[in-house]
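Asks: Residue numbers (the UniProt record's numbering): 1 to 129.
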């Protein structure tokens, strides 16, 4: 288990009673999304999905399922970012394609990307309630 996976698991272990009883998307779905996006999914996103994080209701942002990554990518209109979560107001949280761990917020009104968190673990901890 990677350090990030362990940290994600620790965050998800808090208050498990707020989790939906839905199936975890299979690896094959994530592989297909990668092919369609022509971009690799971040390891932390795959870990989060594998650990059942998508079924957790205790986040202030809706973290997108693999098929929803594709549906929301049409709004971002940049191949440099992948949207992985929504704040419910039209703005999307994104990771940048490549090695950077930084999380960005895409503002749907200005079409600007601003740094929101240094990495997913920090973002996840801040958005957990």
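The C-beta atom is built at its ideal place from N, Cα and C for all residues, glycine as well.
1) Can you find the residues in the same chain that come closer than 8 Å, C-beta to C-beta, to residue 70, ignoring five residues on each side of it along the sequence?
2) Roughly how far, in whole angstroms, is the beta-carbon of residue 49 from the beta-carbon of residue 23, given that I think they are within contact range, below 8 Å?
3) Name, in chain order, the residues that DSSP records as bridge partners for residue 116.
4) Of all the beta strand (DSSP E) runs that stay within the bounds of the segment 13-96, which reach a length of 3 or more residues?
5) Which residue from 61, 84 and 110 puts its Cα closest to that of residue 126?
6) Judging by CA-CA distance, which residue of 98, 46, 113 and 59 is the nearest neighbour of residue 20?
Replies: Looking at the atomic coordinates:
1) 33, 36 and 37
2) Wrong, their Cβ atoms sit about 11 Å apart, outside the cutoff.
3) Residue 116 is not bridged to any residue.
4) 81-86 and 92-96
5) 61
6) 59
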